[in-house]
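K.L.:
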Amino acid sequence: MAAMHEITTKLAPGGRVVIPAKFRRTLNLSPGDEVVLRLQDDQVRLYSRSQARKRAQDRVCKLVPPGVSLVEELLRDRRLETSRD
Numbered sequence: 405m406a407a408m409h410e411i412t413t414k415l416a417p418g419g420r421v422v423i424p425a426k427f428r429r430t431l432n433l434s435p436g437d438e439v440v441l442r443l444q445d446d447q448v449r450l451y452s453r454s455q456a457r458k459r460a461q462d463r464v465c466k467l468v469p470p471g472v473s474l475v476e477e478l479l480r481d482r483r484l485e486t487s488r489d
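Counting in our numbering, the sequence shown runs from 405 upward without gaps.
1. Give me the residue from 468, 461, 433 with the minimum Cα distance to residue 452.
2. Per DSSP, residue 475 forms a beta bridge with which residues?
3. Within a Cβ cutoff of 6 Å, which residues of the same chain sit near residue 465, ignoring the five residues on either side of it in sequence?
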């Protein structure tokens with residue numbers, strides 16, 4: 405597990421929180437980037453969009469048996485639907 409980094413900051417008007425430069429570099433974030441905030445166990449967790457996408461992909465991959473292609477499954481289902489029409 406990566407080392408825990410912690411800072412203390414103040415909540416600005418409008419509920420704004422500044423993400424320190426070191427954190428932004430680590431997360432590969434730039435001004436204007438979208439981030440995902442998750443409220444979990446009374447904590448706010450922040451993820452970059454790419455991190456959130458990677459987490460979702462990892463979860464799906466754990467559910468798909470080895471050797472199964474979701475793309476092939478989808479194409480097969482679409483072909484079957486088309487043949488019924």
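Quick reminder that beta carbons are idealized off the backbone N, C-alpha and C, glycines included.
P.N.:
Per the coordinate set shown:
1. 433
2. Looking at the DSSP assignment, residue 475 forms no beta bridge with any residue, so it has no partner.
3. none
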